[in-house]
Amino acid sequence: SFASPVGDSPSDATSNRRNNSKVSNTKEKYEAASKSDRRTIHRLTSELVALNKSSKAESTNKKKIILKLQKDNDDLTSKVTTLTAQKNTLEGIVRKQRIQRNHIEREHHKEVVHLNAEIKRRDNTIQTTEVYLKRL
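In this text, residue positions in the sequence shown follow my numbering: the first is 9, and each later residue adds one.
So this is what it looks like as structure tokens:
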């Protein structure tokens, strides 16, 4: 208490009680506000912890998805490489077969021309022989 018992008048005592009451009310308001602020800080801290956990989980999920996509991309790249090699091999085979076919067609054409010439020569020989035989 702010009032001292010695030499104080009754009005001083009343004034001191009023001051003490104001101080007490102010103190109670500050304590209530501090208590409310501590609750708010606790709530915000809890929300922040929950948000951090959620963010970490989301980040972990994103990392897993990225790793899976990278693996899928590597697999697809490997498959593309394999298919490209197979395509190049098949194109080489087709080229060789085309060259062989063209060579065979040229040889066949030469043979046909040669055989037609041989047939014509024999036909001429036959006709000449027939003419000769008719003269006899």
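C-beta atoms are modelled at their ideal positions from N, C-alpha and C, and glycine is treated no differently.
As the structure is a computational prediction, the values presented were derived from the model and not from experiment.
If you draw a straight line from the Cα of Lys95 to the Cα of Ala58, it is about 54 Å long.
Taking the CA atoms as reference points, Val121 sits about 12 Å from Glu113. Scanning its chain for C-beta atoms nearer than 6 Å, with the 5 sequence neighbours on each side dropped, one finds no residue around Gln105.
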